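Q: In UniProt numbering, the protein residues as written are 1 to 251. The structure is given below, and queries will be raised subsequently.
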């Protein structure tokens, strides 16, 4: 494994998924050492192999985001092996689809644990470490579903709204410590998440019809915006939510 990158380390949660993998690869190319965190061990190893091919220092962090102690331990492990934590990307999420009146409390609480509580705990642990060296960036991945609502996804949509609220609160409080906090809200990217739709092709045509840019977005295009938000070019940007959605939502 290569020595820690000069820009420090970054932890990407949900790094085995399509968006998390693209973000990991882009930040690795930007000069960060990358902690790839998530529950799916095989998918994390696939991301790690791609990072290795790029010559990027990395660490596989198999963590269940329902486990608060494991989240903190992963951040400690990252700094021990990859250097000071420079950025955190809260990306992991689960999205069970079910009509609101049929959602059991246990399922809702599970979505909150992964999509909301884990974001809070990871950000808290990261900020404590970043504050010690007076700089850092946190990016929370939201969703355009928060802006317009979405049928059969009440649990998911509500937690993505919480991610935006957390972003604004932390930007206000952590700014004096040199820590910037922003969010990105992806549109309908062609990922595994589309499996919840009965007719993916019909869904894709609906997406393109609603966007101003008449094509599907790519994972790399979302990763490029995350790269901007953790980089020096956004040094005066905090508390913002950027929709990366081809012009679907404009409010």
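No residue lacks a Cβ here, since even glycine has one placed at the ideal position from N, Cα and C. Keep in mind the model is a prediction, meaning the values are calculated, not measured.
Taking the alpha carbon of residue 176 as the reference point, which residue from 127, 149, 206 and 216 has its own alpha carbon closest?
A: 127
Q: Going along the chain, which residues of its own chain have a beta-carbon closer than 6 Å to the beta-carbon of residue 43, five neighbours each way excluded?
A: 16
Q: As a quick exercise: from 183, 99 and 169, pick the residue whose alpha carbon is nearest that of residue 150.
A: Of the candidates 183, 99 and 169, the one whose C-alpha sits nearest the C-alpha of residue 150 is 99.
Q: Could you tell me which residues DSSP puts in a beta bridge with residue 58?
A: 34
Q: For residue 153, which of helix, strand or coil comes out of DSSP?
A: Coil, per DSSP.
Q: Please name the residue or residues paired with residue 186 in a DSSP beta bridge.
A: 244
Q: How close, in whole Å, do the beta carbons of residue 159 and residue 239 come, if the pair is a contact with beta carbons under 8 Å?
A: No, residue 159 and residue 239 are not in contact; Cβ-Cβ is about 19 Å, not under 8 Å.
Q: Helix, strand or coil, according to DSSP, for residue 85 in the structure here?
A: strand
Q: Sort out for me which residues DSSP pairs residue 180 with in a bridge.
A: 137
Q: Along the chain, where does the alpha helix (DSSP H) containing residue 10 start, and where does it finish?
A: No alpha helix (DSSP H) holds residue 10; the beta strand (DSSP E) holding it covers 9-13.
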